[in-house]
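Engineer:
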Amino acid sequence: MKQRVRRSSWGALLFLAVLGLCLGAAEARAQLPSTAVASGAPDEGNDRVEAALLTDVAQVKAGDAFRVGVRFRMDPGWHIYWKNPGESGLASEVTWDTPGTTVGELQWPAPSTFRTSDGYITTYGYAEEVLLFADARASEKAEGSLQLSAAADVLVCEVHCLPAQLMLTRNISVGPETRPDAEHALVFAAAHARVPVAPESSGHAVTLALDTKPLTAGQPFTGTLTVTGPRGQPVPAVDKDFFVPERIPGIARLALSAVAGRPGTFKLEGQAAPDVPAQEPRFAGVLHLGSSALTVSLPMASVVAAAPGAPVAAAAGKPVAAQASAVAAPPVAAESSLSLGLVLLFAFLGGALLNLMPCVFPVLALKAYGFTRTVHAERGQVGLHALAYAGGIVGSMLVLAAVVLALRAGGSSVGWGFQFQEPLFVAAVAAVLVAFALNLFGVFNVGTDGTALVEKVDSSHGFARSAGEGVLAVVLATPCSAPLLGTAVGFALAAGPATVLATFLMLGLGLALPFCLLVLVPGLTKLLPKPGAWMERGKQLLGFALLGTTVWLVWVMGGLTGVDGMARLLAFLAVVGLGAWLYGLVQGDSGGRKAAGVAAVVAILVVGGVLSLRFEEAGPAVRKASMVAEAQPWDETAVAAALKAGQPVFIDFTADWCLTCKFNERTVLTREDVRAAFAQHKVAFFVADWTRRDERISAKLAEFGRAGVPMYLVVSPAAPDKPEVLPELLTADSVTDAVRRAAERVADAR
Amino acid sequence: MKPFFTAVALAVMLPVAALAADTAEVGKPAPAFTLKDEAGKEHTLSQYKGKVVVLEWTNPGCPFVQRHYTADTMQKTFTGVDAKKVVWLAVDSTASNTPDKSAAWKKTEGFTYPVLQDASGTVGKAYGAKTTPHMYVIDEQGVVRYAGAIDDDARGNKKGGTTNHVKTAVDALLSGKPVPTSTTEPYGCSVKYKS
């Protein structure tokens, strides 16, 4: 930039044009002609800005599309302006003169926000380097070469400002085929990746609800903006300057602020300009949310003149506009409430799907067994059992919701399945499972006088058992983050208390649905087999399913607390077994003997518990959270390094207690063809292990609107800011495709 | 959830405005002030009650101001209105400005209205002036009637048909009509406030 480039060296242009023709533009890295580069805004002997007219092709075929743009390079500390310069400055402007080429609308990469050192004046623009570009198309009749000229009018500011008018011109040759300019195509790809996208195109949904309509000229107004991601998850603001408004006629001021406790929800505060605008203003600007930049344009409301006597010019016909906007109001409100409704629906469906997940299966089997038992009892009783089971589920869901709210109020990091990060909780669940299994084996009976459960259903205790099964179903369901469920829970955990409770309630109802359906639809019960001796065998068999689940919990405990912890848990489980056996011995007795026996059981459990349940978190020992051999522990800097080296990155957010995660790892991530695809594209595989509490991982999950694992991210080095989130249930195809896409983006960009 | 709360707290504590409200609002009384001009004479807004007051935030170092002074935009607008009914006050809130610099500039450009000295930026911020040039027109009762740019030619490349917003506003006020365009986006350099 020190050297001022001569603008009109036609000789050089001619020379280059001839050279280009001679070589048939064989050289892929086209040298820029000197007329295509100019600098301006001289200050203290330096030109503060340099502009270059670039194309992404070295040669174009007649009728083909290409891109043309002006790259601005500013001296350090200097910047030029976005289309809305903000509170001072001047929008950058590029005008085209391109005979034989049609040039589209100028594309603006997402701007940065600049503030004066006292923070008083805010402007929007670009520092260092930016490419303002447009899509172009060569005429069908183009031949020889096409002349491209651009006039750039920019204001370059540091503390003081310097205007610069830069004239740029160059030719591109027209040939039998379009050949990319390898070097500059990369510049265009990078700029294109920075252009904010419409929410629809990235699966986001942005809704706006104004508190009052219509707007009154000169008066402040408020509203709420809601942003949800591709899976309906709320999208929080991570950047402090997450909103850059466009210049909107009729709106004097527009600001968004995050709402505490509700990510993805933003409070809108604005003020209508004193004059009634000719057109209804739209809410327009760029939102930097999560990892994407969205360009938003939403209808707001018409602006009406202030009441008579107010100091603004009254305009005729405004009441009509007011009516129109009153009619338009309901759909907007409906849209924003729909998103909550949708989340509740997701929660319900997710709850129902949980029944099919491996973690709930043992309980479901248990319930199915219980059902064949009760189906032949009084019809009313069956209904009551269903009610008790559903009540147990919903009740414990609500307790879970309350715990979540309490922990959140305490500032703790919680998420779906978070309880399994707590060793004592794991121990308690394991103990309950073992007790249930022993009960099924017939070591002791719950609430009956010792005769076969099949024959006599003691109604009151039976209902307690049904409710207990409901509770167990919930407890076991939490580590299985079913598809759809992740979103709903993520939304709920981030939302207000009422929403949290409503979502968990729907989850519970969904989980209880299959059993209740069986009861409520009379025909279905006839399909069940008749009770008999097989039921006793089946019952005992189910006990082993519960023990299998216990094995998994013991393994989880190993991940949490190491080999010692596992041994302590097993010791405790043995004590639980002893207690159950003792209870079984005395439960047939009556009076003092029974009381003494129960006391002994309690004493054994307490002493055994106190002695064994002392878990120390294992140090950051060498533990392997992922079954993928070449996995490295997740770390932002390591990821950045891999991306810089041009490697696509796969991040596996997992936990030992997450069965969906383990299932994915076992069936997809360790498959030969998937491994081969990883190797072929030189994918850097990272594991973020959430088995134990980890704030960094919780934060990363929250960034993508998730409250729990699994989560899978594929990041392309060509677009490090836009990771792809894979579905929670992986397939080999979805993984290999995503990895290939990430790798191809790099290839394209080159 | 902790990082989430931190993020929320951060966002809430941020200055609410992405586009901060001008403190001198059209339709509301103009903030009162007393400032000395380049010659040391005091000017108080209330002393001009009964007259239309034009405030011009300026900075001779700003290319946009320079362009308008080269083209005599301000001078012509000032001389084009009835001097008995209209008071024109330039205000310089540049931190590095001095009365001497203003006097020298006034002499070079050859205009007659005073240049108020606001190097502390107090009055500039009271009005919410962010740009040079940034214009305010205040009516006879002391109510702000126009705030924004001098004209609609930000780039100075219009070949005619330029609308001078300040002249339009002053003419409307003097003839007892409402101001047709009461706000525009000012263009130019930022005010170089003391920081």
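One line per chain: the protein sequences are A and B, in this order.
Residue numbering for the first sequence follows the numbering used here, starting at 97 and increasing by one per position.
Residue numbering for the second sequence follows the numbering used here, starting at -18 and increasing by one per position.
Even for Gly, the Cβ is constructed at its ideal location relative to N, Cα and C.
Since this is a predicted model, take the numbers as computed values, not measurements.
(1) Please give me, in chain order, every unbroken run of the alpha helix (DSSP H) with length at least 4 that falls completely inside the stretch 651 to 683 of chain A.
(2) For residue 146/A, list the residues DSSP reports as bridge partners.
(3) Any beta carbon of chain A sitting closer than 8 Å to that of residue 41/B?
(4) Compare the C-beta of residue 71/B against all C-beta atoms of chain A and say whether one is closer than 8 Å.
(5) Counting Cβ pairs, one atom from each stretch, are 3 or more of them under 8 Å apart for the stretch 149 to 160 of chain A and the stretch 182 to 194 of chain A?
(6) Just checking my contact of residue 354/A with residue 380/A at CB under 8 Å: how many whole Å lie between their CB atoms?
(7) By alpha-carbon positions, which one of 827/A, 778/A and 795/A ends up nearest to residue 757/A?
(8) Along the stretch 362 to 374 of chain A, where does the CB come closer than 8 Å to a CB of chain B? Name the residues.
(9) On the three-pair Cβ rule with 8 Å, is the stretch 89 to 105 of chain B touching the stretch 123 to 140 of chain B?
(10) Does residue 551/A come within less than 8 Å of chain B when only Cβ atoms are used?
(11) Kindly indicate the opening and closing residues of the beta strand (DSSP E) around residue 181/A.
(12) Hey, could you find the ends of the beta strand (DSSP E) residue 749/A is sitting in?
(13) When the Cα atoms are used, what is the spatial distance from residue 77/B to residue 156/B?
(14) Anything in the stretch 321 to 353 of chain A with a Cβ closer than 9 Å to a Cβ of chain B? List those residues in chain order, please.
(15) Listed from N- to C-terminal order along the chain, which residues in the stretch 174 to 190 of chain A have their beta-carbon within a distance smaller than 9 Å of any beta-carbon of chain B?
(16) What would DSSP say about residue 565/A, mapped onto helix, strand or coil?
(17) Can you find at least 3 beta carbon pairs, one from the stretch 115 to 133 of chain B and one from the stretch 27 to 37 of chain B, that sit closer than 8 Å?
(18) Based on DSSP bridge pairs, tell me the residues matched to residue 128/B.
(19) Could you tell me whether the stretch 696 to 705 of chain A touches the stretch 659 to 677 of chain A, using the rule of 3 or more Cβ pairs below 8 Å?
(20) Out of 116/B, 15/B and 12/B, which has the shortest C-alpha to C-alpha gap to residue 130/B?
(21) When the Cα of residue 680/A is compared with those of 694/A, 753/A and 768/A, which residue comes out closest?
(22) Applying a beta-carbon distance threshold of less than 8 Å, which residues of chain B neighbour residue 253/A?
(23) Which residues, in order along the stretch 777 to 798 of chain A, keep a beta-carbon less than 8 Å from a beta-carbon of chain B?
(24) Kindly list the residues whose CB is nearer than 7 Å to the CB of residue 601/A, restricted to its own chain and excluding five residues on each side of it in sequence; keep chain order.
(25) Could you round the C-beta distance between residue 749/A and residue 797/A to whole angstroms and report it? I think they count as a contact, below 8 Å.
(26) Identify the contact partners of residue 217/A in chain B, using a Cβ-Cβ distance below 9 Å as the criterion.
(27) Could you check whether residue 7/B and residue 162/B sit closer than 8 Å to each other, using their CB atoms as the reference points?
(28) Please look up how many angstroms separate the CB atoms of residue 598/A and residue 440/A, rounded, as I've assumed it's under 8 Å.
(29) What is the DSSP secondary structure of residue 730/A, counted as helix, strand or coil?
(30) Quick check: the Cα distance between residue 315/A and residue 566/A, rounded to an integer number of angstroms?
(31) Where does the unbroken beta strand (DSSP E) through residue 145/B begin, and where does it stop?
(32) Please compile the residues from chain A whose C-beta is within a distance smaller than 7 Å of the C-beta of residue 52/B.
(33) Would DSSP call residue 489/A helix, strand or coil?
(34) Are any of the Cβ atoms in chain B nearer than 8 Å to that of residue 249/A?
(35) Report yes or no: do three or more beta-carbon pairs, one from the stretch 174 to 188 of chain A and one from the stretch 247 to 262 of chain A, lie closer than 8 Å?
(36) Any beta-carbon of chain B closer than 8 Å to the one on residue 231/A?
Structural biologist: To lay it out plainly:
(1) none
(2) 135/A and 169/A
(3) no
(4) no
(5) no
(6) Not confirmed; about 20 Å, so no contact.
(7) 827/A
(8) 365, 367, 369, 370 and 371
(9) no
(10) At residue 551/A the pLDDT is 35, less than 50, meaning the model places this residue with poor confidence; the figure from the coordinates comes in the next sentence. It does not: the Cβ of residue 551/A has no partner Cβ on chain B nearer than 8 Å.
(11) 175 to 182
(12) 745 to 750
(13) 40 Å
(14) 332, 333, 334, 336, 337, 338, 339, 340, 341, 343, 347, 348, 349, 350, 351, 352 and 353
(15) 180, 181, 182, 183, 184, 185, 186, 187 and 189
(16) helix
(17) yes
(18) 117/B and 164/B
(19) yes
(20) 116/B
(21) 694/A
(22) 170 and 171
(23) 791, 794, 795 and 798
(24) 490, 493 and 494
(25) 6 Å
(26) 1, 111, 112, 171, 172 and 174
(27) no
(28) 6 Å
(29) coil
(30) 55 Å
(31) No beta strand (DSSP E) holds residue 145/B; DSSP gives it neither H nor E.
(32) Neighbours of residue 52/B on chain A: none; closest Cβ ~14 Å, over 7 Å.
(33) helix
(34) yes
(35) yes
(36) no
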